[in-house]
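Residue numbers (my numbering), protein chains in the order written: chain A, 85 to 364; chain B, 85 to 364.
Below is one structure, written out as structure tokens; comments come after it.
Protein chains: 2
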Amino acid sequence: MKVAAVQFCAEPFRPFENQRRLSVRIEEAGDRGAELVVLPELAVSGYVLEKAKLDEVAEELNGPTLQSWTALASQRNVLIAGGFCEVSEGKLFNSAMLVGPQGLILHYRKLHLFDQERNIFAPGDLGLPVADTPLGRIGLCVCYDLRFVEVVRLLALQGAILTAVPTAWVGGFDQTPCDAEGFITQARGAVVQANLNQTYIACASQSGSVANQTFLGNSLVVDPYGKVLAGPLNAVAERTLVADFDARVALAAQHRSELVNPRTDRRTDVYGVHLHDRVL
Amino acid sequence: MKVAAVQFCAEPFRPFENQRRLSVRIEEAGDRGAELVVLPELAVSGYVLEKAKLDEVAEELNGPTLQSWTALASQRNVLIAGGFCEVSEGKLFNSAMLVGPQGLILHYRKLHLFDQERNIFAPGDLGLPVADTPLGRIGLCVCYDLRFVEVVRLLALQGAILTAVPTAWVGGFDQTPCDAEGFITQARGAVVQANLNQTYIACASQSGSVANQTFLGNSLVVDPYGKVLAGPLNAVAERTLVADFDARVALAAQHRSELVNPRTDRRTDVYGVHLHDRVL
């Protein structure tokens with residue numbers, strides 16, 4: 085199976101133009117064999133944090149993006165994961181969804197709001213859901229969520245073999261923006277967390293510059309051993325990465341030998357991670 | 085304040101010879117200004133997994149290593165963290181301790197036994213303790229423990245500003261032993277976890293080859309932003325890294341701005357990590 089990570093620079097507050105351009109990228113990814121296409125954070129609205137303008141382009145879950153992606157998913161027989169600006173009961177959410185030929189599969193609202201996002205969005209209230217798909221169990225999280233080790237851990241322990249990460253990586257948070265191999269700190273975080281949780285991680289980032297916002301790109305796909313299969317892309321590229329993934333590889337990474345099993349070697353008699361009232 | 089990570093190749097089953105050589109290295113680290121000296125996993129016994137021979141050189145907690153390190157700590161006014169082969173009630177443990185001028189500060193038994201270690205050692209039964217020292221609160225874990233994200237998370241959430249990691253990194257677990265910048269996968273794991281948990285991590289590894297065992301070295305010191313302060317050392321070096329550390333830097337990394345606080349931004353209403361019956 086193949087996953088595509090679409091690095092894309094969304095025009096701020098131009099959802100229809102962005103949808104049109106994203107459709108082209110999704111079709112191109114389908115042409116390259118992708119069965120799962122990951123799009124960036126706020127790919128439809130653009131990532132510029134102006135509340136009044138986001139209010140204008142926000143949509144309800146059952147809005148034009150879900151319609152558009154369902155139609156594309158059906159035509160191309162792909163799954164699509166991406167970020168959009170959601171309005172619900174008067175509140176904005178930095179949301180993502182996974183959509184298939186029959187419509188919505190997974191709905192997620194970003195749990196960890198970064199910096200000025202706190203002044204605009206309500207914090208996510210849908211937990212950390214995973215969904216079974218024909219490609220295997222898949223989880224979603226968004227950008228700053230990746231910095232909280234509980235997130236990928238909980239998705240992986242719920243059985244996700246791939247975590248799709250719509251993101252819009254920006255600088256200023258860590259001290260070194262890019263290392264000698266071209267990785268930003270956030271992308272290294274994805275690599276190591278794929279390794280430590282034995283799960284694929286596919287990050288699709290915004291790139292380039294819009295308004296007062298500069299993105300770092302660095303989209304990449306990592307396997308459950310922490311091997312980088314594709315990327316990281318540079319900060320300005322608008323390109324699509326395509327990489328193979330296979331649930332059996334994730335299972336093999338969890339059970340490496342008779343005596344080395346990173347999942348069952350966990351000391352659940354000593355510690356655990358809980359999600360609401362489930363302990364994992 | 086300064087921390088030293090001593091990369092060292094211990095002679096298998098020669099505890100007195102190893103103690104003598106370690107004493108020289110501890111004194112040298114003290115001469116270079118170190119107030120905390122981290123030594124490798126099983127630094128005293130050597131890391132070769134032969135049960136009968138380890139039985140012969142294992143010692144009780146209150147044994148010659150604690151005596152030796154207490155004397156050195158007192159003479160040099162340093163703290164010493166390192167690994168030793170412990171026997172208690174007929175069972176062997178892959179243990180580590182933190183020792184100061186007044187004696188034992190922290191006693192830890194490796195929670196996650198790697199591969200053949202399972203056939204030799206009993207699993208750790210002392211949880212994940214941290215201790216307050218004049219240098220700040222310090223935690224300990226050993227080698228394979230680092231692959232379980234709960235470990236550093238729990239030490240950091242208990243307030244450790246530095247995690248000392250006696251280790252004996254070996255190959256065969258992950259696919260790529262060393263990347264273009266000289267890091268093995270395990271060392272990248274330490275770098276990223278320092279960043280994600282806003283804690284210093286100081287890893288002191290065995291190096292070189294003994295009997296049928298080849299070590300990967302890669303000792304390093306990372307700051308709470310994920311910046312590598314020293315190392316990684318190559319696979320065969322026997323050298324000591326010295327780096328600055330400061331509890332205030334760890335606190336600053338946790339609270340970066342009014343709106344970005346990697347600790348308080350955790351969604352403890354949604355998830356948590358528990359250690360026995362404490363939830364963090």
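In this text, a Cβ means the ideal position worked out from N, Cα and C, and glycines have one as well.
In the DSSP annotation of this structure, the continuous segment of the alpha helix (DSSP H) that includes residue 100 of chain A starts and ends at 99–115. Within 9 Å of the CB of residue 195 of chain A, the CB atoms of chain B belong to 351, 354, 355, in sequence order along the chain.
Inclusion of residue 176 of chain A and residue 139 of chain A in the CB contact set at 8 Å is warranted, their separation being smaller than that value. Between the C-alpha atoms of residue 272 of chain B and residue 287 of chain B there is a straight-line separation of about 11 Å. Under the Cβ criterion of 8 Å, residue 237 of chain B is counted among the residues facing chain A. Fewer than three pairs of CB atoms, one per stretch, sit closer than 8 Å, so the stretch 279–296 of chain A makes no contact with the stretch 354–364 of chain A. In chain order, 170, 171, 172 place their CB closer than 8 Å to the CB of residue 144 of chain B, counting only its own chain and leaving out the 5 sequence neighbours on each side. For residue 148 of chain B, the enclosing alpha helix (DSSP H) begins and ends at 148–160. According to the DSSP assignment, residue 332 of chain B belongs to the alpha helix (DSSP H) that extends over 331–338. A contact between stretches requires three or more CB pairs, one per stretch, nearer than 8 Å, and the stretch 204–224 of chain A meets this requirement with the stretch 180–195 of chain A. Between residue 131 of chain A and residue 290 of chain A the beta-carbon gap is near 6 Å, inside 8 Å, which marks them as a contact. Put simply, the stretch 160–167 of chain B touches the stretch 119–126 of chain B. At least three CB pairs are less than 8 Å apart. Within the stretch 286–334 of chain A, the complete beta strand (DSSP E) runs of at least 3 residues fall at 304–306, 312–314, 324–328. Inter-segment contact for the stretch 211–224 of chain A and the stretch 242–251 of chain A is present: three or more beta-carbon pairs are separated by less than 8 Å. What residue 340 of chain A touches in chain B, judged by beta-carbon distance under 8 Å, is 257, going in chain order. Bridge pairing for residue 164 of chain B: B/121, B/183 [DSSP].
Residue 355 of chain A and residue 211 of chain B have their C-alpha atoms roughly 9 Å apart. Around the beta carbon of residue 174 of chain B, fewer than 16 other beta carbons sit within 10 angstroms, so the residue counts as exposed.
At least one beta carbon of chain A lies nearer than 8 Å to the beta carbon of residue 200 of chain B.
Where residue 249 of chain B is concerned, the enclosing beta strand (DSSP E) starts and stops at 246–251.
According to the DSSP secondary-structure assignment, residue 221 of chain A is paired through a beta bridge with A/216.
Take residue 322 of chain A, set aside five residues on each side of it, and the residues of its chain with a beta-carbon closer than 8 Å to its own are 91, 92, 93, 291, 292, in chain order.
Residue-level contact by beta carbon holds for residue 276 of chain B and chain A, with a gap shorter than 8 Å. Looking at the backbone, the Cα of residue 142 of chain A and that of residue 179 of chain A are separated by about 10 Å.
In terms of Cβ geometry, residue 250 of chain A and residue 300 of chain A do not form a close pair [threshold 8 Å]. The beta-carbon distance between residue 182 of chain B and residue 155 of chain B, rounded to whole angstroms, is 15 Å. This is too long to meet the 8 Å contact definition. For residue 135 of chain A, the uninterrupted alpha helix (DSSP H) segment begins and ends at 135–141.
With respect to the 8 Å criterion, residue 306 of chain A and residue 331 of chain A are not classified as neighbours on the basis of their beta carbons. Residues 281, 283 of the same chain have their beta carbon placed closer than 6 Å to that of residue 240 of chain A, with the five preceding and five following residues left out of the count. When secondary structure is reduced to three states using DSSP, residue 228 of chain A falls in the helix class. Assigned with DSSP and collapsed to three states, residue 276 of chain B falls in helix.
Residue 201 of chain B carries a helical assignment under DSSP once its states are collapsed to helix, strand and coil. Look at the beta carbons and you see the stretch 331–349 of chain B touching the stretch 302–320 of chain B: at least three pairs across the two are nearer than 8 Å.
For residue 126 of chain B, no alpha helix (DSSP H) encloses it, and the DSSP letter there is neither H nor E. Here residue 281 of chain B carries a helix assignment [DSSP, helix/strand/coil]. The C-beta separation of residue 150 of chain A from residue 188 of chain A comes to about 6 Å, placing the pair in contact by the 8 Å criterion.
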